[in-house]
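Below you'll find the structure, written out as structure tokens, and then a few comments.
2 protein chains.
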Amino acid sequence: MLTLWGNLESGNVYKVRLLWGWLGLPHRRIDVDQTRGEPATPAFRAVNPIGKVPAVRLEDGRVLGESGAILQFFANGTPYWPADPWEQAEVLRWMFFEQYSHEPAIAVNRYLRRFVAERSAFDEERLRHNHPRGERALDVMEARLAGHDWLVGEGPTIADIALYAYTRVADEGGFDLAPRPGIGRWLARMEALPGYFPMRQETAVEVLEFPS
Amino acid sequence: MLTLWGNLESGNVYKVRLLWGWLGLPHRRIDVDQTRGEPATPAFRAVNPIGKVPAVRLEDGRVLGESGAILQFFANGTPYWPADPWEQAEVLRWMFFEQYSHEPAIAVNRYLRRFVAERSAFDEERLRHNHPRGERALDVMEARLAGHDWLVGEGPTIADIALYAYTRVADEGGFDLAPRPGIGRWLARMEALPGYFPMRQETAVEVLEFPS
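Line by line, the protein sequences give chains A and B.
Read in order, the letters of the first sequence correspond to residues 51 to 262 in this note's numbering.
Read in order, the letters of the second sequence correspond to residues 51 to 262 in this note's numbering.
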């Protein structure tokens, strides 16, 4: 069975879990918690040298990190990673946009607001610095989704999974989706797909404590 | 002919130029300069809504953004984007690592130190915040390159291009590569490949002013 290191509060972990939900792939989960600093420990760096969740272990023992790479690996050969070269590039365009321009503003502000009990002056500056960047990232998504059902092509892909995770909880980072109806309809479309489940719902057949 | 929006100081633009050098693809360049704020202008956002260089226009008029997506599109069907699914995932793992854990520390500190004339207190805090993150990213690279010639498999891929660009100028961000001999040998290996040229060398057959 597949093994996943991560927790139920991480959007990056959720991306992998949601694709596996779509694909009907069962997994066991080893609970690794950012708020306890576990990803940065030597024990976890022995699994994934960059010290970040998610990481996955295949049945043959190989380990893969980076949510975007994991999504592409498991979607390869399915419609969620299209066969057309231009559509592949468009999928990656959205996924790199998410990791570089969306997540560092929206997910980081959510993390600072939700999980950091005593924010420093630097944290407060980061919140202010990130906010307009997150707004702009949401505007870029809205410009696409105002007139299209999906980010790429005519059906859902791993680009939609990659953007869904933290867009869905953007309000926890202080971002308002109400003035962006295209995003709102797209969120509902994602949530109507077979295999969908919300981020904090457990889907592992077994949960182990870290390290295990 | 291919059109590229960007400048000679951007590592993200260099990645695309270097792959095109390897592939022998000629291009014209429209000079878009971050230090003049041009990527964020409405004129450039009409080309690339996220307001960042590089962007490229194919001969049929289609436009693509995000260096990682552009690299994958042009490498598709060449050895620089391997056919093996596991190696594809490993290439993307390094490329997402670069955009999420390497570039935001190393390239941002280079930008703050080299191109921001009057740094604010917040900029100084960012430099301090980013420095250990960049060191760690370089350590992750060194762990691989101490024992392997290339980041993935037995030959150069777009993962090597993606990591080369800002690693090569990491010293401008305050990072010391001397204690990392694996990275040093890999840089030399990259620079010995046919089609190689340094970042600031002009390779466009024509350069136009922005907007054009």
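For glycine and all other residues, C-beta sits at the position ideal for the given N, C-alpha and C.
Residue-level contact to chain B via CB, residue i, 8 Å cutoff
{"i": "Gln149(A)", "result": "yes"}
{"i": "Gln84(A)", "result": "no"}
{"i": "Phe123(A)", "result": "yes"}
{"i": "Gly71(A)", "result": "no"}
{"i": "Phe146(A)", "result": "yes"}
Chain A contact for residue i (CB, 8 Å cutoff)
{"i": "Gly118(B)", "result": "yes"}
9 Å Cβ cut-off: residues of chain A touching residue i
{"i": "Ile37(B)", "result": "An answer regarding residue 37(B) cannot be provided, because it is not within the stretch 51 to 262 covered by chain B."}
{"i": "Asn126(B)", "result": "Pro135, Gln138, Ala139"}
{"i": "Pro154(B)", "result": "Tyr150, Pro154"}
Cutoff 8 Å; reference residue i; Cβ partners in own chain excluding five residues on either side
{"i": "Val113(A)", "result": "Val97, Asn98, Ala105, Val106, Arg107"}
{"i": "Phe123(B)", "result": "Leu114"}
{"i": "Thr128(B)", "result": "Leu73"}
{"i": "Leu243(A)", "result": "Trp72, Pro206"}
{"i": "Leu258(B)", "result": "Arg78, Arg79, Ile80, Asp81"}
{"i": "Ala215(A)", "result": "Gly61, Asn62, Tyr64, Lys65, Leu68, Met249"}
{"i": "Gly111(B)", "result": "none"}
{"i": "Val255(A)", "result": "Met51, Pro76, His77, Arg78"}
Chain A residues whose Cβ lies nearer than 8 Å to that of residue i
{"i": "Glu175(B)", "result": "Phe172, Glu175"}
{"i": "Val190(B)", "result": "Pro99, Ile100"}
Chain A contact residues for residue i, given Cβ-Cβ distances below 7 Å
{"i": "Val57(B)", "result": "Per the sequence shown, the amino acid found at residue 57(B) is Asn instead of Val. Chain A residues near Asn57(B): none, gap ~18 Å exceeds 7 Å."}
{"i": "Arg143(B)", "result": "Leu114, Gly115, Glu116, Ala119"}
Residues near residue i by beta carbon distance below 7 Å, same chain, minus five either side
{"i": "Val82(B)", "result": "Trp55, Gly56, Asn57, Glu88, Pro89, Phe94, Val103, Phe260"}
{"i": "Arg164(A)", "result": "Glu222"}
{"i": "Asp173(A)", "result": "Leu162, Val166"}
{"i": "Leu68(B)", "result": "Ile211"}
{"i": "Gly234(A)", "result": "Leu227"}
{"i": "Arg194(A)", "result": "Leu201"}
{"i": "Ser262(A)", "result": "Ile80"}
{"i": "Trp144(A)", "result": "Leu201, Val202, Ala209, Ala212, Leu213"}
{"i": "Asn159(B)", "result": "Leu177, Asn180, His181, Gly184, Gly223, Gly224"}
{"i": "Arg239(A)", "result": "Asp199"}
{"i": "Ile100(A)", "result": "Gly115"}
{"i": "Phe247(A)", "result": "Gly71, Thr253"}
Cβ-heavy atom distance, residue i to the ligand MG, below 7 Å
{"i": "Arg230(B)", "result": "In terms of ligand content, the structure shown is empty, and the ligand MG therefore cannot be addressed."}
Where residue i meets chain B, residues with beta-carbon distance less than 7 Å
{"i": "Gly111(A)", "result": "Ordered by position in chain B, no residue passes the 7 Å Cβ test against Gly111(A), which lies about 12 Å from the chain."}
Contacting residues, own chain, Cβ-Cβ under 6 Å from residue i (five flanking each side not counted)
{"i": "Ile7(B)", "result": "Given a span of 51 to 262 for chain B in the structure shown, any question on residue 7(B) remains unanswerable."}
{"i": "Glu140(B)", "result": "Val202"}
{"i": "Glu148(A)", "result": "Ala212, Leu213"}
{"i": "Glu192(B)", "result": "Arg230, Gly232, Ile233"}
{"i": "Ser151(A)", "result": "Ala187"}
{"i": "Gly245(B)", "result": "Gly71, Trp72"}
> What residues in the stretch 192–205 of chain B bring their beta carbon closer than 9 Å to a beta carbon of chain A?
Replying inline: Ala193, Arg194
>> Ignoring anything shorter than 3 residues, give me the beta strand (DSSP E) runs that lie fully in the stretch 128–161 of chain B, in order along the chain.
In response: none
>> Which complete beta strand (DSSP E) runs does the stretch 171–205 of chain A hold, if anything under 3 residues is left out?
In response: none
> Where are the alpha helix (DSSP H) runs, 4 residues long or more, that stay fully inside the stretch 54–110 of chain A, in chain order?
Replying inline: 61–73, 92–95
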